[in-house]
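Each protein sequence line maps, in turn, to chains A and B.
For the first sequence, my numbering assigns the number 3 to the initial residue and increments by one for each residue that follows.
For the second sequence, my numbering assigns the number 590 to the initial residue and increments by one for each residue that follows.
All residues carry an ideal CB built from backbone N, CA and C; glycine is no exception.
Written out below as structure tokens is the structure these notes cover.
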Amino acid sequence: MRPLMTPLLAVTATLVRFELRRYLVGGLLWMPASILPLAGGLILQRLFDDLGTGGAPLLLCAAFVGVELVRGLTIVIAWTYGDYWWSAAAALLRANVLRSILTGRGRARHSPGEGLARLRDDVGDVVNFVDESVPLAGAVLFGAAALTIMASVDPAVTLVLVIPAIAIGVLSRLLNRTIRRLHRRSRTLGAAVTGHLGEIFGAVLAIKTAGAEEAALERLRRHNRLRREAAVKDRLATDLLGAATGATVEISIGLVLLLAAPAMHRGDFTVGDLALFTTYVGWLTALPRTIGGILSRMPQAAVSVERLTQMTGPGEDLSRDTGVWFRRDHPVPARPVHDDPLEVLQARGLTVGYGLHGVDLEIERGSFTVITGAVGSGKTTLVRALLGLEPADAGTIRWNGRPVADPGGFLVPDRVAYVGQAPRLFSASLRENLLLGRPADRLERAVRLAAFDRDLAGMPAGLDTVVGPRGVRLSGGQAQRVTVARALVRSPDLLVVDDLSSALDVETERRLWEGITGVCTLLVVSHRPAVLARADQIIVLDRGRVAGRGRLEELLETCPEMRRLWS
Amino acid sequence: MSASSTSGRAASGRHVLRSRRLHSLWPGPGPAALLALSIVATTALPLAAPQLTRRFVDDAAAGAGIDRLTLIALGYLGLAVAGQAARTLTAWLAGRLAWAGTDRLRERLAAHALGLDMAFHGRHTPGEMIERVDGDVAAVAGFVVAFLLDVVAGVLLLCGVIAVVAVTVDPGVGAVLLAYCALIGLGMVRAQRLAVPSAARARAAGAALSGYLEERLAGAEDLRANGAGEHAVRRFHQVSAALWRADRRGDAVGSSVLAGTGVAFAAGTALMLALSGTLSAGTAVLLLQYTLMVRTPFERLIDQLRQYQTALAGLGRIGELLAVRSTLPAPPSPARRLPPAGPLSLELDAVDFAYDDEPVLSGITLRLAPGETLGLVGRTGSGKTTIARLIARLYDPTAGAVRVGGLDLREADPASVRGRVGVVTQDVQVFSATVRDNLTLFRAHPGDDRLREALAEVGLGDWDLDAPLGAVSAGQAQLLALARAFLADPGLVVLDEASSRLDPATERRVDRGVTRLLSGRTGVLIAHRLASLSRADRIAVVADGKIVEYGGRRDLLADPTGRFARMLEEARR
Chain A
3 MRPLMTPLLA VTATLVRFEL RRYLVGGLLW MPASILPLAG GLILQRLFDD LGTGGAPLLL
63 CAAFVGVELV RGLTIVIAWT YGDYWWSAAA ALLRANVLRS ILTGRGRARH SPGEGLARLR
123 DDVGDVVNFV DESVPLAGAV LFGAAALTIM ASVDPAVTLV LVIPAIAIGV LSRLLNRTIR
183 RLHRRSRTLG AAVTGHLGEI FGAVLAIKTA GAEEAALERL RRHNRLRREA AVKDRLATDL
243 LGAATGATVE ISIGLVLLLA APAMHRGDFT VGDLALFTTY VGWLTALPRT IGGILSRMPQ
303 AAVSVERLTQ MTGPGEDLSR DTGVWFRRDH PVPARPVHDD PLEVLQARGL TVGYGLHGVD
363 LEIERGSFTV ITGAVGSGKT TLVRALLGLE PADAGTIRWN GRPVADPGGF LVPDRVAYVG
423 QAPRLFSASL RENLLLGRPA DRLERAVRLA AFDRDLAGMP AGLDTVVGPR GVRLSGGQAQ
483 RVTVARALVR SPDLLVVDDL SSALDVETER RLWEGITGVC TLLVVSHRPA VLARADQIIV
543 LDRGRVAGRG RLEELLETCP EMRRLWS
Chain B
590 MSASSTSGRA ASGRHVLRSR RLHSLWPGPG PAALLALSIV ATTALPLAAP QLTRRFVDDA
650 AAGAGIDRLT LIALGYLGLA VAGQAARTLT AWLAGRLAWA GTDRLRERLA AHALGLDMAF
710 HGRHTPGEMI ERVDGDVAAV AGFVVAFLLD VVAGVLLLCG VIAVVAVTVD PGVGAVLLAY
770 CALIGLGMVR AQRLAVPSAA RARAAGAALS GYLEERLAGA EDLRANGAGE HAVRRFHQVS
830 AALWRADRRG DAVGSSVLAG TGVAFAAGTA LMLALSGTLS AGTAVLLLQY TLMVRTPFER
890 LIDQLRQYQT ALAGLGRIGE LLAVRSTLPA PPSPARRLPP AGPLSLELDA VDFAYDDEPV
950 LSGITLRLAP GETLGLVGRT GSGKTTIARL IARLYDPTAG AVRVGGLDLR EADPASVRGR
1010 VGVVTQDVQV FSATVRDNLT LFRAHPGDDR LREALAEVGL GDWDLDAPLG AVSAGQAQLL
1070 ALARAFLADP GLVVLDEASS RLDPATERRV DRGVTRLLSG RTGVLIAHRL ASLSRADRIA
1130 VVADGKIVEY GGRRDLLADP TGRFARMLEE ARR
């Protein structure tokens, strides 16, 4: 339990600190909401004592309503003001995880649906936990004041009232471990449901064409059932704790009656005192309830911090202060400095699991290198390992002779741009998809070089055409050329392209290669004869090892694997 | 969209819709009766407790013995504990039933959404669908429990209190109490109606954030590779800021309702005390306790206000989703089934098609006898894939007809179309599940031996069916999709660039399998590699959504000035 709690406390501390003024002012604004019931109780005490002496004074009744009115107003103000802190804290955590995945060493190892569940629900749990400190402060303040007032009426009865509160604290501690286990299980199974939904709606075309809707739904039912059972148990454990807390109010009132009986009999304990105690006891339970809430949320929040940390890279702080950008726009990120243009990129002994074994690679400025090989021979693994998209088990990479420690962070635009096998476009305009934050000055040229200009001219909305989720509305070949243009907008020294022309007709393909050859250094995965014929250097892979290296005509003579692929 | 502008007719329509979509939540008579019983116990037990307090105070004032007072206090304790136990039981029962009901609703929504056409799925990201099928329903689930425990139990308690006060205290006080509570209730309902639109906007902003995040997580590698991570984070902040603004507005309305309720209750308490001046002290304490007791569920309800509004907004969105109709109308019943065995003929008769008024195909006419193979060639973006999608009835033509086995697809039973028309697409969608699930798409299958046979057919014989499908290359995914096709027994096969990602050596190996797949079946091949069309009987050249050349492959080859012949010549150069 301890090792889980330390990261949670660190996150809590930074979330409090990063917008300290907002947090403190917001907390102070909430205080009247907790403290004003003290006045309400005192007014009721007077009211009830006056009842015995003939009729309730209207002035006291009005004061009672007035107190509630002031309380209501402060609640509205505090709540709206507090929204900023809550939303800012959630945005901070989400932005840090997202930044780590998109630019740092973090990886979205799970399905996007599951990752989304973490960013949505786990972030909410952590922020709620920190937010709970405000009602805690209010409850402590109220508790201290109320107990003092009650003790001045009857110290013995007040002392006994503390006992149920302590019992609640102890019970919470005992239930903690169970609640944490149940909660973790319910969250895991919940993520399985969202993950499955993401899968079936992500692959809806495959499911519909195969008529597999019913089977996918059956699987959903199974995931649902498992989550349901876990969630009901999770909820029951939390409810039991809540019920125990609720019972304390009733038990406390019972105890007051029991203990005040002699005093009331003597006349020392008035009806007004009883009214005061009855109201205060109700509010007093906020204290064990809040403490109980924090204690039960703590393990849940610790699990959430753990789940979020898993998405970030090693050594990256989940809650580091990267700013809040609600009232003004986030500054446009500065372009990384690139003052060391590519002369030669070398890789030695790249090894990845069972897929790639000690591959060497050398790419010179202005050259055209093609990696080829049968399906599953490790072509994609090689370029992904080179670019740091997949962790290599062994091997070194050098840029102009200098070792590259973190290829994932270094081999990016403007040095290297990469077009993957199944490139994705986002639900936005073509312009936004192409630029992704870059200035538009190279846009037209990039579109032309990528042989997308004719397609674009045929679109009525032009660059403002919104491409659907994942570029569904573009044909496969169009989407591929848009992603090439997207890479070219970045004017990289080296363009890495994985299996580009497979969805292109002969004529478009020729225009594309003519466009990009000579614009930058090229590293291409392909088995198209037209591409192989253009290459300065071909690397033939066979089951993760280099089977041949050279120009096409040399390889056709010396390399049996090349001959097998070519014929 | 705003609720205030809704006309009466639309409102009643919405009411019908709401009751229909809530139907999934009904647990059945047995569980409902048990739950009702438990809610009544949760209400009745606490109702009795203040009667004991009243007797306690009045007896104490009258100078009763300590023994009697202690007995009353102990009785109070017993009632209190039993009341809490009943409440926990209710919460557990309600939670179970709510989960079961909302899971049924989730499954119904998922089934409905899966039945919608591809045009719908083109507009909605998987992240958004997760939010609409799971997120909205989760909000409703939380609400159902809160509704049963707080609203239903609260109203019951209120009725009980009014009845008890009217009978045991004074009918006049009871009547005033009743009028007052009715007033507060009315006010709350009105306020709620004001609050729902802003909550709906907040919910929509939340869904937009979810959609944004899901797409960026799915496209994380593209963003990294383009150095666009920081840009995506910057956009994320903009989407978050929009959510904050929507939340703030929603909460301002929500918290005002909370504050108003608190003031109303205080005013009620004061009113009662002012009225009860002539009653005994014990009765006054009893009234105070009842007020506190009624206030608690309402406070709890308000505490859940955000959830409650979210749930109402969620219900609205669930209704919207259920109201979306597929643009592919269901066939007239009884639907006719495609012939269950053998190759199927294919006929496209003067087919036009447009995506949202943007014409894509016009006047496409094609005819294939059973067992024939058609090759579709043309530039990328010329409309070949759209023709494939019409044949698979992922869309309906805007004019003309697509007939398979002599049957207009609009009149055919959709299940028989899925079973008899097999499609392999260029971009294959795979799941992070086992190899078996990826092969069967979760369906019941004819046994592992058949699955292994299909894998062997495409050269993936060494794959373990039980292993999770890890990272596969696009080529391997295409092999998997071909294996899926081998498993089905279609009468018409559409291969849309099905082997474009394979190296020549692998393609040759798969070729034999594809030949077997096409033998005895009608086939439509879309390929850029013209060489792979050697098995086509007929060729159609598509350009700008029209067929510009159509005929037997040999006839077209024989005419050196024809488009197909020139394309082949160009490819050879």
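Classified as exposed, ALA622 of chain B has fewer than 16 neighbouring CB atoms from the shown chains inside 10 Å of its CB.
The secondary-structure analysis by DSSP pairs ILE165 of chain A with nothing; it has no beta-bridge partner.
Beyond the five residues adjoining it in sequence on each side, ALA649 of chain B comes within less than 8 Å, by CB distance, of LEU658 in the same chain, given in chain order. By the Cβ-count criterion, LEU40 of chain A is buried, with 16 or more other Cβ atoms from all chains shown falling within 10 Å of its own Cβ. For PHE20 of chain A, no Cβ of chain B is located within less than 7 Å of the residue's own Cβ. In this structure, the straight-line span from the alpha carbon of GLY478 of chain A to that of ARG426 of chain A is close to 11 Å. For THR353 of chain A, the secondary structure class from DSSP, reduced to helix, strand or coil, is strand.
Counting only runs of 4+ residues, the alpha helix (DSSP H) found wholly inside the stretch 282-352 of chain A occupies 288-311, in chain order.
Between GLY995 of chain B and the set B:GLY617, B:ALA988, B:VAL1019 and B:ARG926, the nearest pair of CA atoms involves B:ARG926. In this structure, DSSP gives TRP401 of chain A an extended state, which the three-state scheme calls strand. Against PRO786 of chain B, chain A offers no close residue; the least beta-carbon distance is about 17 Å (beta-carbon pairs closer than 7 Å). The beta-carbon of GLN47 of chain A is placed no less than 7 Å from the nearest beta-carbon of chain B. For VAL527 of chain A, there is no enclosing alpha helix (DSSP H); the enclosing beta strand (DSSP E) has its first and last residue at 523-527.
Restricting attention to A:VAL418, A:ARG73 and A:ALA148, the CA atom closest to the CA of ALA489 of chain A is found in A:VAL418. DSSP places ASP1144 of chain B in the uninterrupted alpha helix (DSSP H) bounded by 1142-1147. Contacts with chain A (Cβ-Cβ distance below 7 Å) from the stretch 1055-1076 of chain B involve SER1062, ALA1063, GLY1064, GLN1065, LEU1068 and ARG1073, listed in chain order.
With respect to the 7 Å criterion, ALA1056 of chain B and VAL1024 of chain B are classified as neighbours on the basis of their beta carbons. Going by C-alpha positions, ALA1070 of chain B is about 10 Å away from ALA1043 of chain B. Distance check between ARG512 of chain A and each of A:THR523, A:PRO157 and A:LEU534 places A:LEU534 closest, using alpha-carbon atoms only.
Exclusion of the five residues before and after ALA232 of chain A leaves ARG187, SER188 and LEU191 as the residues of its chain whose Cβ lies within less than 6 Å of its Cβ.
Take the alpha-carbon of LEU1058 of chain B and the one of ALA214 of chain A: they are about 19 Å apart. Counting C-beta atoms within 10 angstroms of its own C-beta, GLU21 of chain A has 16 or more neighbours from the protein chains shown and is therefore classed as buried. Around VAL129 of chain A, the same chain offers LEU17, TRP88, ALA91, ALA92 and LEU95 as residues with beta carbons nearer than 8 Å, after the five sequence neighbours per side are excluded. Scanning its chain for C-beta atoms nearer than 7 Å, with the 5 sequence neighbours on each side dropped, one finds around GLU961 of chain B the residues THR1111, ASP1126 and ARG1127, in chain order. ASP1002 of chain B and PRO715 of chain B have their C-alpha atoms some 27 Å from each other. Looking at the DSSP output, PHE370 of chain A shares a beta bridge with A:LEU524. The straight-line gap separating the alpha-carbon atoms of ALA110 of chain A and ILE103 of chain A is approximately 6 Å. Going by C-alpha positions, VAL162 of chain A is about 23 Å away from GLY42 of chain A. About 4 Å separates the Cβ atoms of LEU543 of chain A and GLY375 of chain A, confirming a contact at the 8 Å cut-off. Beta bridge pairing from DSSP links GLN539 of chain A with A:THR371.
A straight line joining the alpha-carbon of PRO462 of chain A with that of ASN435 of chain A spans about 17 Å.
Distance from the CA of GLU1138 of chain B to the CA of ARG968 of chain B, rounded to the nearest whole angstrom, comes to 13 Å. Non-local C-beta neighbours of VAL132 of chain A in its own chain, meaning closer than 6 Å and more than five positions away in sequence, comprise THR14 and LEU17, ordered along the chain. Cβ proximity to chain B below 7 Å picks out LEU207, ALA208, ILE209, LYS210, THR211, ALA212, GLY213, ALA214, GLU215, ALA217, ALA218, LEU219, GLU220, ARG221, LEU222, ARG223, ASN226, ARG230, ALA233 and VAL234 from the stretch 207-234 of chain A. PHE942 of chain B sits in a strand when the DSSP states are folded into three classes. Of all residues in the stretch 783-808 of chain B, only GLY795, LEU798, SER799, GLY800, TYR801, LEU802, GLU803, GLU804, ARG805, LEU806, ALA807 and GLY808 come within less than 9 Å of chain A when Cβ atoms are compared, listed by chain position.
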